[in-house]
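Residue numbers (mature numbering (1 follows the signal peptide of the UniProt record, and there is no 0)): -23 to -1, 1 to 276.
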């Protein structure tokens, strides 16, 4: 019998320790439903004395402090996710995206055309201003996927001018050497948008490709929607519709590398297994609250 009582006592004590100290030892008066009603409550519902109140406040504060110490040792899930992404993309050198005079001139011209199309000019200088303008068009103005793509196609067509497209279509696009020659001349004129890139093989291991070491546009935005709708798809459309040469652009959403394969076609977005669903970790547009049905081509 004594052993049974001792066991019951231990169980009761353990239960008391698991419950919040204030709610267990300092019950709320059943006759008090609001702060305004407490002025007329009876002495039996007056609450604990100041001595007991101070004692229990001290005990619960100590428990809370211990809990905070334990919690501080566990990083949040968002931090863990970011660390995982950082392992795939090691830190870049400070001068990795260094800009030549040609890059600065091309970027300035590109921004002027973008500003004219979207009706907004960022106060940020250089590449940061281009990113701000792209985000403004997608997030603030709420441009549809089609509007984003059409805008970039128009900008690229304007840059190409009226003479280059028909000449290219006639004397370059139909011939078998078109993919290689196009890839050969692309890197210096493409650097201002994507960063360091070089002549490489296509995805089928034949000549006619360009390899982007770490896409600057994707690196700066961490946004799949901006990548696909303001770079990948409109660039593919520009080469096919304006220049008459198909081109497949394949960004790697883990490493932020990208491969251009001239003369080849990309699968439809819905059938492309390389495009992940949902937002990328650290997506700048998601942080701005732009998670809507039309944000990305593939949710």
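C-beta: ideal position from N, C-alpha, C; glycine also.
Counting along the chain, residue 224 sits inside the beta strand (DSSP E) bounded by residues 224 to 228. The beta carbon of residue 215 sits closer than 7 Å to those of 130, 133 and 134, all from its chain and outside the five residues before and after it, given in chain order.
Annotation: the continuous alpha helix (DSSP H) that includes residue 193 extends over 193 to 198.
Within the same chain, 155 come within 6 Å of residue 149 by CB-CB distance, once the 5 residues on both sides are set aside. The C-alpha of residue 257 is placed about 30 Å away from the C-alpha of residue 86. Its chain contains 156, 157, 160 and 178 as the residues whose beta carbon lies nearer than 8 Å to that of residue 184, once the 5 sequence neighbours on both sides are disregarded; these appear in chain order. Its chain contains 227 as the residues whose beta carbon lies nearer than 7 Å to that of residue 251, once the 5 sequence neighbours on both sides are disregarded; these appear in chain order. The segment 72 to 91 makes contact with the segment 161 to 175: 3 or more CB pairs, one atom from each, lie closer than 8 Å.
Residue 191 sits close to residue 232, with the two beta carbons spaced by under 9 Å. Within the DSSP bridge table, the entry for residue 189 names 174 and 235 as partners.
Distance from the CA of residue 97 to the CA of residue 229, rounded to the nearest whole angstrom, comes to 30 Å. In this structure residue 222 is buried. Its beta-carbon is surrounded by 16 or more other beta-carbon atoms within 10 angstroms. Looking at the backbone, the Cα of residue 99 and that of residue 201 are separated by about 22 Å. Our two residues, residue 76 and residue 224, have alpha carbons roughly 26 Å apart in a direct line.
Cβ-Cβ distances below 6 Å link residue 263 to 256 in the same chain, with the five nearest sequence neighbours on each side left out; the list follows chain order. Excluding five sequence positions before and after residue 127, none of the CB atoms of its chain fall closer than 6 Å to its own CB. Closest in C-alpha terms to residue 151, from the list 217, 72, 254 and 70, comes 217.
Secondary structure of residue 184 (DSSP, three-state): strand. Burial state of residue 122 is buried, judged by a 10 Å Cβ sphere holding 16 or more other Cβ atoms.
In the displayed model, residue 158 falls within a helix according to three-state DSSP. DSSP places residue 214 in the uninterrupted alpha helix (DSSP H) bounded by 210 to 214. Scanning its chain for C-beta atoms nearer than 8 Å, with the 5 sequence neighbours on each side dropped, one finds around residue 95 the residues 110, 113, 114, 118, 120 and 128, in chain order. In the same chain as residue 101, and ignoring 5 residues on each side of it, the C-beta atoms closer than 7 Å to its own belong to 109, in chain order. Residue 105 and residue 162 have their C-alpha atoms roughly 26 Å apart. For residue 88, the three-state secondary structure derived from DSSP is helix.
Cβ contact annotation for residue 173 (same chain, cutoff 6 Å, sequence separation greater than five): 190, in chain order.
Of the residues 235, 205 and 236, the one whose Cα lies closest to the Cα of residue 254 is 205.
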